[in-house]
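Participant: Residue numbers (the working numbering): 109 to 283. Even for Gly, the Cβ is constructed at its ideal location relative to N, Cα and C.
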Amino acid sequence: MRHRWLAPTGLAAVALLAAACGSSSTSSSASTSSPSAAATSSSSAAAAAAVNSAKIGSVTVLTNSKGLTLYWFVPDTSTTSKCNGTCAHYWPPVQGPVTAGSGVAGTFATITRSDGSKQATWNGHPLYTYIGDTAAGEATGNGLNLSGGVWHEVTLTGAAAPAPSPSTGSGGNGY
Numbered sequence: 109m110r111h112r113w114l115a116p117t118g119l120a121a122v123a124l125l126a127a128a129c130g131s132s133s134t135s136s137s138a139s140t141s142s143p144s145a146a147a148t149s150s151s152s153a154a155a156a157a158a159v160n161s162a163k164i165g166s167v168t169v170l171t172n173s174k175g176l177t178l179y180w181f182v183p184d185t186s187t188t189s190k191c192n193g194t195c196a197h198y199w200p201p202v203q204g205p206v207t208a209g210s211g212v213a214g215t216f217a218t219i220t221r222s223d224g225s226k227q228a229t230w231n232g233h234p235l236y237t238y239i240g241d242t243a244a245g246e247a248t249g250n251g252l253n254l255s256g257g258v259w260h261e262v263t264l265t266g267a268a269a270p271a272p273s274p275s276t277g278s279g280g281n282g283y
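1) For the region 191 to 242, list the alpha helix (DSSP H) runs that are entirely contained and at least 4 residues long, ordered along the chain.
2) Just the C-alpha distance for G266 and K174, rounded to the nearest angstrom, thanks.
3) Would the region 163 to 181 count as touching the region 250 to 266 if we require 3 or more Cβ pairs under 8 Å?
4) Taking the CB atoms as reference points, tell me whether T229 and S186 lie closer together than 9 Å.
5) Alpha carbon to alpha carbon, what distance is there between G256 and G209?
6) Under 9 Å between the Cβ atoms of P200 and I239?
7) On the criterion of 16 or more Cβ atoms from any shown chain inside 10 Å, does D241 qualify as buried, or is it exposed?
8) Over the uninterrupted beta strand (DSSP E) stretch that includes V167, give me the two end residues.
9) In whole angstroms, what is the alpha-carbon distance linking S152 and Q203?
10) What is the rounded straight-line gap between the Cα of E246 and the Cα of I164?
11) Compute the distance between the beta-carbons of T171 and P234, then report whether it is under 9 Å.
12) By Cβ distance below 6 Å, which residues in the same chain neighbour A157 in space, the five residues on each side in sequence not counted?
This is the structure:
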C-alpha cells in the first residue's frame, strides 16, 4: 500500500521533514551487471522491472515500469546510498536489478544498501522514486532540497534537469 504524501505548504513542514529524514553513511559494495545479465539473474519481479524513458515537460527522463519518474540524490556515491530510514520512506529506492527498456542506454548495476537490500543504479547514480509522484508523468520531487541534499530527475542525457519555477499559487514549495 502506498502512502500519499502531499507537498508541504509551509516552511515548518519542510523543516520537520528534513530533520526527520536524516541520512547515514554506511558503505556498500557495488556489483555491475549489464541489462541482459540483470534480466537472467533472477526470476523475481524486481529483476523483471524495466527502466523506461518518458518526456516530462521539455526533458526526457527515466521512469520505472509504472511510468513514475526516477530520481538521483546529490550526496549519494556510486557505491553508497545516503538516503536511509525515514528518507527512504519518502524516496523509495528502486529495487535492483533492473533491465533497460527501449531507447534506454547506460550502465545499470546494483549496490547493497545498509539494510542489505539491493538498489538499482544507472551510470553510477542510485535510483529512487518519490512518494509525492502518484501518477505517470509527474516530477514533483525535482529540485527539492530535502534529507540533506538536492534531488534531481534522472535525465536520459545524464545532466541535471532544471528545477521547476516556484509556484505562485501554493504558498511555497520549500525553495
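Facilitator: The structure says:
1) With a minimum length of 4 residues, the continuous alpha helix (DSSP H) runs that stay inside the region 191 to 242 are 194 to 198.
2) Working through the sequence shown from its first residue, we reach residue 266 at position 158. Working through the sequence shown from its first residue, we reach residue 174 at position 66. Rounded to the nearest angstrom, the two C-alpha atoms are 21 Å apart.
3) These segments touch.
4) As a working mapping, residue 229 is identified with position 121 in the sequence shown. As a working mapping, residue 186 is identified with position 78 in the sequence shown. Yes, these two residues count as a Cβ contact at 9 Å.
5) Taking the first residue of the sequence shown as 1, we reach residue 209 at position 101. Taking the first residue of the sequence shown as 1, we reach residue 256 at position 148. Across the structure, G209 and G256 are spaced so that their CA atoms are roughly 31 Å apart.
6) Residue mapping note: residue 200 aligns to position 92 of the sequence shown, counting from 1. Residue mapping note: residue 239 aligns to position 131 of the sequence shown, counting from 1. Cβ atoms of P200 and I239: closer than 9 Å.
7) As a working mapping, residue 241 is identified with position 133 in the sequence shown. It is buried - the Cβ of D241 has at least 16 other Cβ atoms within 10 Å.
8) Residue 167 sits at position 59 when you count from the first residue of the sequence shown. Following the DSSP letters along the chain, one finds V167 inside the beta strand (DSSP E) bounded by residues V167 to T171.
9) Indexing the sequence shown from 1 puts residue 152 at position 44. Indexing the sequence shown from 1 puts residue 203 at position 95. Confidence in S152 is poor, its pLDDT being 39 and thus under 50, which makes the residue's placement unreliable; the coordinate value appears in the next sentence. Rounded to the nearest whole angstrom, the C-alpha separation of S152 and Q203 is 11 Å.
10) For the purposes of this step, residue 246 is identified with residue 138 of the sequence shown, where counting begins at 1. For the purposes of this step, residue 164 is identified with residue 56 of the sequence shown, where counting begins at 1. So the two alpha carbons sit approximately 7 Å from each other.
11) On the sequence shown, position 63 is the one that residue 171 refers to. On the sequence shown, position 126 is the one that residue 234 refers to. Going by C-beta atoms, T171 is not nearer than 9 Å to P234.
12) Position 49 of the sequence shown holds residue 157. Hits under 6 Å: S173 and V206.
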